[in-house]
Amino acid sequence: MMTAAIWLRTVPKTVQCRRDEGFSPRYAAALLAISLLARVDDRIDSLVVAKRLTRSEAQAQTKARLVESATQLYLQQGFAATSNEQVAEEAGYSRGAVYSNFPSKEALALEVIDRHTEQVLESYRSTLAEGSSGDRVQKFQDWIEQSLSDTGWALLKIELALVARRNSTLNDELAARDKTMLDHVAGAISQLDDDLELPEASVRDLARLCVAMGQGVALDSIKDPSSTTDWTARLLTAVQRLLPMSPMLPMLIAASTDQAAPEQK
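Each residue of the sequence shown is one higher than the last, beginning at 1 in the UniProt record's numbering.
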């Protein structure tokens, strides 16, 4: 594209050339301006063509915007109170955009959960990527505390779990995702096992305890939102104190559910 400096140097020569050909200076300058505008227009057209999305790229972009819109609305007003029409309008699309990308409202909600889970796990991986043993233990505690304080997501998952009571397909999908999250939390605890000097215990039970704490914090925040951050930290401290008792977890769980405790080996 011709810069202003080049254009200013070119104008006098071009105008003089046109003048020699019998054109007036004003008319010659006008011809030059039209020529330059045509070049600029061609340049803009080439940029637009270069940035034109393929069909699959455009569909992926539409889907991402719908998920972003659904995420915002679900967290603000809940899953049940949000319609697909609202999601489409918030994203700047017609209602048909939702139905052409997601077979059902529940499918859209699962996509929202999946993208959030990936963000959480990526945050975990980047948090614990470096540092000494002590640093990693502290970072893990901070990560758990931050996750437990994110009550909006816990409430959304609880709401979906209630909906899933009458939807076996959704229930199976949510159960699979819960298992995936438990696997990752249990894996994190296993990696830190030596650093924390945990006694032999069910790592998966401890992972489930962390997840259950998050759900409990979320439910309690409905009654008293201001207390969430404070007592999340206190809960983590309490769990640390209970860790030496972890071999007793099966017995405590059985007592709380009126089930027979498994035999200790």
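Virtual Cβ for every residue (Gly too), placed ideally from N, Cα, C.
In this text the structure is predicted, and so the values were computed from the model without any measurement.
Endpoints, alpha helix (DSSP H) assigned at residue i
i	result
G92	It is not in any alpha helix (DSSP H) - G92 carries neither H nor E in the DSSP assignment.
L174	168-191
L160	151-164
R52	Neither: R52 is in no alpha helix (DSSP H) and is coded neither H nor E.
D224	First-last for D224: undefined, no H or E at that position.
Contact set for residue i: own chain, Cβ-Cβ below 8 Å, skip 5 residues either direction
i	result
R125	none
V163	F79, A80, E106, L170
S69	V87, A88, E90, A91
Same chain, Cβ closer than 6 Å to residue i, five either side skipped, listed in chain order
i	result
N167	none
T71	V112
D172	none
Contacting residues, own chain, Cβ-Cβ under 7 Å from residue i (five flanking each side not counted)
i	result
Q61	L53
A97	T62, L66, A88
I189	V203, L206, A207
L121	H184
Quiz item: Can we say the stretch 77-92 touches the stretch 154-171, given the rule of at least three CB pairs closer than 8 Å?
Solution: Contact holds: three or more Cβ-Cβ distances are below 8 Å.
Quiz prompt | Within the UniProt domain "HTH tetR-type" (60-120), ranges of the beta strand (DSSP E) (whole runs, at least 3 residues) | solution = Considered as a whole, the UniProt domain "HTH tetR-type" (60-120) harbours no complete run of any beta strand (DSSP E) with no fewer than 3 residues.
Quiz item: Would you call the stretch 174-184 and the stretch 97-108 touching, i.e. three or more CB-CB distances under 8 Å?
Solution: No, they do not touch.
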